[in-house]
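Asks: In the order they appear, the protein sequences are chains A and F.
Residue numbering for the first sequence follows our numbering, starting at 1 and increasing by one per position.
Residue numbering for the second sequence follows our numbering, starting at 1001 and increasing by one per position.
For glycine and all other residues, C-beta sits at the position ideal for the given N, C-alpha and C.
These numbers come from a predicted model, not from an experiment.
Here's a structure for you.
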Amino acid sequence: DGGITQSPKYLFRKEGQNVTLSCEQNLNHDAMYWYRQDPGQGLRLIYYSQIVNDFQKGDIAEGYSVSREKKESFPLTVTSAQKNPTAFYLCASSMRPAMGNTIYFGEGSWLTVV
Amino acid sequence: AQTVTQSQPEMSVQEAETVTLSCTYDTSENNYYLFWYKQPPSRQMILVIRQEAYKQQNATENRFSVNFQKAAKSFSLKISDSQLGDTAMYFCAFMGTGANSKLTFGKGITLSVRP
């Protein structure tokens, strides 16, 4: 089936650890995005990439890192520098967003710091 | 930078009635796109409707329609014949063009449909 796959769905992190959230899409989309969702905050953009080997910081990039080595993959690393990482993380992709094409979302990943 | 404002945190509507969700935005761009997304308890983000700023005609998708007022920078969503399955959070979102082709979201509104 075509779509956007995020894994794991639930992840627990100890303080001081880095963790990586996976995002894979088989839609042949050019652009990929990572959003964070906190209660009452809506979705906030962490990083986005419009082409392979290129990405830009979003509004809340501090404490996060990404890579885009393949068109279909856009993993997000939550580093120990992110002081409040507990949140719901959503990956998204789009064919040609500059033309207003719809951005589609994965099912999300819950990250909890323990 | 673009901003999207949804000033109503919660709304409730009786099943089969009509409800309107408000959204305003701020931008200096002339060409852009506006979206309404639905997020049910499963947390899956589902596209409800999309509007192109250069089109004056309001978008419609079955029971969902928008009232797009470009000069006022207003983009409200009307849900007709509300159904229990419409219970969800609804997010208004703005997307620019070119390097700004990323979604900026409002804080969302929780809609409850009462039986």
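#1: Taking C-beta pairs closer than 9 Å, name the residues in chain A that Gln-1044(F) reaches, listed in chain order.
#2: Does the beta-carbon of Asp-1086(F) have 16 or more other beta-carbons within 10 angstroms, so that it is buried, or is it exposed?
#3: With distances taken between CB atoms, is the gap from Leu-21(A) to Pro-75(A) smaller than 8 Å?
#4: Please work out which residues of its chain come closer than 6 Å, Cβ to Cβ, to Ser-7(A), disregarding the five sequence neighbours upstream and downstream, and give them in chain order.
#5: What are the boundary residues of the beta strand (DSSP E) that Met-1095(F) is part of?
#6: DSSP has Ser-65(A) in a bridge; who is on the other side?
#7: Classify Gly-16(A) as buried or exposed, calling it buried when 16 or more other Cβ atoms lie within 10 Å of its own Cβ.
#8: Of all the residues that make up the stretch 54-66 of chain A, which are near chain F by a beta-carbon distance shorter than 9 Å?
#9: When the Cβ atoms of the stretch 101-111 of chain A are set against those of the stretch 1037-1049 of chain F, are three or more pairs found closer than 8 Å?
#10: Let me make sure I understand the geometry here. Which of Ser-1007(F), Ser-1012(F), Thr-1005(F) has the alpha-carbon closest to that of Ile-1079(F)?
Replies: The structure says:
#1: Phe-105, Gly-106, Glu-107, Gly-108
#2: buried
#3: yes
#4: Ser-22
#5: 1088-1095
#6: Thr-77(A)
#7: exposed
#8: Gln-56, Gly-58, Asp-59
#9: yes
#10: Ser-1012(F)
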